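Residues in the sequence shown are numbered from 1 upward in steps of one, following full-length UniProt numbering. Just so it is clear, CB atoms sit at the ideal spot from N, CA and C, and this is done for glycine as well. Keep in mind that this is a model prediction, so the values were computed, not measured. A short write-up of the structure that comes next.
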Amino acid sequence: MADKKLTGQTALVTGANSGIGAGVAKSLGQAGANVIVNYVSKPEDAEAVVAEIKGYGVDALALMADVSKEDQVQAMFKQAIDHFGTLDILVNNAGLQRDAKFHEMTLAQWQLVIDVNLTGQFLCAREAIREFLRRGPRPEVSKATGKIICMSSVHELIPWAGHANYASTKGAIKMLMQSLAQEYGDRKIRVNSICPGAIQTPINTAAWSTPEAYNSLMTLVPYNRIGQPDDIGNLAVFLASDDSDYITGASIFIDGGMTVFEGFSTGG
Ligand code: NAD
1 MADKKLTGQT
11 ALVTGANSGI
21 GAGVAKSLGQ
31 AGANVIVNYV
41 SKPEDAEAVV
51 AEIKGYGVDA
61 LALMADVSKE
71 DQVQAMFKQA
81 IDHFGTLDIL
91 VNNAGLQRDA
101 KFHEMTLAQW
111 QLVIDVNLTG
121 QFLCAREAIR
131 EFLRRGPRPE
141 VSKATGKIIC
151 MSSVHELIPW
161 AGHANYASTK
171 GAIKMLMQSL
181 AQEYGDRKIR
191 VNSICPGAIQ
201 TPINTAAWST
211 PEAYNSLMTL
221 VPYNRIGQPD
231 DIGNLAVFLA
241 SDDSDYITGA
251 SIFIDGGMTV
261 FEGFSTGG
């Protein structure tokens, strides 16, 4: 049985009906948090995640919102706070890729990735911080007044040819996350990033769905396995709990060693 480190707290996870977001939402629920499962499409997948989380004995609620739309984000936070009373944890997870060679990238491909991956994190973090400031400390459930976890990527560090729009958003999230940690540390709001390497989800099916693709991917991963959403869920629980109370402004890489640059393992 998982440790119930988050009992009495409420978490909102964006893009929680698929992949990493679904894994994180379930891990937070197993750790005792009530969970808002945000989705933008496939409500049936969101309801399946909600049903699984409710099976852990906590409350869960699926809420639709496109994270890149201010009115939808504000309506979602209002519904969430009306239902649960307040919010303690935000996991800014929703993201997408629209890959193209840079000289062929359309403005629409560039803009959509910026809107969802970066502006979406801005809009949700702003609403969460407004709620944390309004509500103030809740020492009975956590030492921190609020916790924000930004889903970044190894691509906040590793440049990515053919994915300049995506890598640009992840580099920007590092500065957004650190600026918020700096601005709100004195109000006891902790803000950190998770930087996954290769995690097996629908976003990167092409990288793991054939043996050739998988073997090629593994040349980048010293630990020699693809990551699972649970791996990220475990880290999210740690970052949301008081176990990490002295961690803020940090990017935590969880990548089977991808950022130790396997290509140099034979001396370069
Ligand atoms: P995924 O495609 O399975 O999940 C992405 C989720 O975001 C989906 O639920 C999708 O519906 C949602 N989403 C997309 N646009 C949205 C919008 N406008 N509003 C609300 N939700 C929206 O992919 P994933 O791998 O689980 O990705 C989750 C996060 O993890 C992303 O931010 C991604 O950049 C990051 N990440 C993934 C990997 C990996 O290897 N899978 C590695 C590094 C970082």
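Item	Value
Under the three-state DSSP convention, the category residue 114 falls into	helix
Anticipated Cβ contact below 8 Å, residue 49 with residue 25, distance rounded	6 Å
Residue 163 burial status per 10 Å Cβ neighbour count (16 or more: buried)	buried
Proximity test, residue 175 beta-carbon vs the ligand NAD heavy atom, cut-off 8 Å	no
beta-carbon residue 218 near the ligand NAD non-hydrogen atom, thresh 8 Å	no
N- and C-terminal bounds of the alpha helix (DSSP H) containing residue 169	164 to 184
Which of helix, strand or coil DSSP assigns to residue 102	helix
The ligand NAD heavy atom lying under 8 Å from the CB of residue 164	no
Spatial distance of residue 220 from residue 99 (CA atoms)	20 Å
Closer than 8 Å: residue 210 CB and nearest the ligand NAD heavy atom	no
Heavy atom of the ligand NAD within 8 Å of residue 95 beta-carbon	yes
Any 3 or more C-beta pairs closer than 8 Å across the region 177 to 193 and the region 139 to 156	yes
Where residue 20 sits in the DSSP three-state scheme	helix
For residue 251, three-class secondary structure by DSSP	strand
Close Cβ partners of residue 218 (< 6 Å) along its chain, the five nearest in sequence each way excluded	224
DSSP beta-bridge partners of residue 196	254
Residue range of the alpha helix (DSSP H) that includes residue 62	It is not in any alpha helix (DSSP H) - residue 62 instead sits in the beta strand (DSSP E) that spans 60 to 64.
DSSP-derived helix/strand/coil call for residue 281	Outside the displayed span of the chain (1 to 268) sits residue 281, for which this structure offers no information.
Bridge partners - residue 10, DSSP secondary structure assignment	34
For residue 20 and residue 196, believed in contact at Cβ under 8 Å, the rounded distance	7 Å
Sequence-distant residues of its chain with Cβ nearer than 8 Å to residue 129 (five each side left out)	146, 148, 180, 184, 189
Where residue 147 falls: helix, strand or coil (DSSP)	strand
Residue nearest to residue 230 in terms of C-alpha spacing, selected from 248, 41, 70, 31	31
Exposed unless 16 or more other CB atoms sit within 10 angstroms - verdict on residue 83	exposed
beta-carbon residue 43 near the ligand NAD non-hydrogen atom, thresh 8 Å	no
Where residue 73 falls: helix, strand or coil (DSSP)	helix
Beta-ladder partner(s) of residue 91, from DSSP	13, 149
Residue 267 versus residue 8: straight-line alpha-carbon distance, rounded	51 Å
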